[in-house]
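J.: Using the numbering used here, read the sequence shown as starting at 210 and increasing by one per residue.
Think of the CB as a built atom: it goes at the ideal place given N, C-alpha and C, for glycine as much as any other residue.
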Amino acid sequence: MGFKQAAVLAPISFFLGVLFICFNIDHKLLFTDHTDEAIADGFHFYTTFFNAPPAIKALLHGLVAVGILSLVAKLHTWSESAMLFDGTSLIAYVFGVVMYLSVVIPSLRTIATPLAEETAEVRLEAMTVLSAANVLIILCLCAILMLQAGQAYAHR
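1. What are the boundary residues of the alpha helix (DSSP H) that includes Phe294?
2. If I follow the unbroken alpha helix (DSSP H) through Val344, where does it start and stop?
3. Check the C-beta distance from Ala329 over to Ser316 and give it rounded, since I have them as a contact under 8 Å.
4. Take the Cβ of Ile265 as the centre, count every other Cβ of all protein chains shown within 10 Å, and call the residue buried at 16 or more, exposed below.
5. Where Leu350 and His253 are concerned, what is the direct C-alpha to C-alpha distance, given to the nearest angstrom?
6. Which residue from Gly276, Leu356, Ser222, Asn343 puts its Cα closest to that of Asp235?
7. Which two residues bound the contiguous alpha helix (DSSP H) that contains Glu246?
8. Does the beta-carbon of Pro262 have 16 or more other beta-carbons within 10 angstroms, so that it is buried, or is it exposed?
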C-alpha cells in the first residue's frame with residue numbers, strides 16, 4: 210500500500226469510527242420506537258457533539274480535506290483504474306461531504322441551538338433526519354472502502 214492509498218484510507222476509517230459512535234444513538238431513532246430515554250440521549254449526544262471544542266472541529270474538517278486531496282492525487286495518474294475506482298470514490302466522497310454540509314450541520318444547529326419558533330417536534334424531526342444522513346454517509350464511506358479494495362485486487 211502506497212502513501213496515497215493510506216492517505217485515502219486513514220480519513221475514511223476515522224470518519225467511519227466517528228459515525229459508528231453516532232450510530233449508537235441513530236439506530237434507536239431510526240429502527241426502534243421513539244422512547245423518551247432515546248430522544249433525551251440523542252439530544253444530549255448531539256448537543257455535546259455540536260458544542261465540541263474548535264480543535265475537534267478543525268481536526269474533522271482537516272481530515273475531510275486530506276481525503277479529498279488524496280483522492281484527487283490518486284486520480285491525477287489518469288489511468289483506467291484511477292478513472293474507474295478513484296473517480297467513483299471521489300464522487301462518493303464528495304456526495305458524503307455535501308450531505309454533511311447540507312444536512313448534518315443544519316440539523317445539528319437545529320438540535321443544539323433551536324430558534325424560538327422551533328418546537329420539540331421540529332427538533333426531533335431534525336434529529337431523525339440527521340440520523341438518516343449519518344447512515345447514508347456510512348454507506349458512501351463503505352462504498353469507497355470497497356472501491357479501494359477492488360482497485361488493490363485488480364492491480365494484483
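T.: Reading it off the structure:
1. Careful: Phe294 lies outside any alpha helix (DSSP H) and carries neither H nor E.
2. 329-364
3. Going by Cβ atoms, the distance from Ala329 to Ser316 rounds to 15 Å, so no, they are not a contact pair.
4. exposed
5. 26 Å
6. Asn343
7. 245-259
8. exposed
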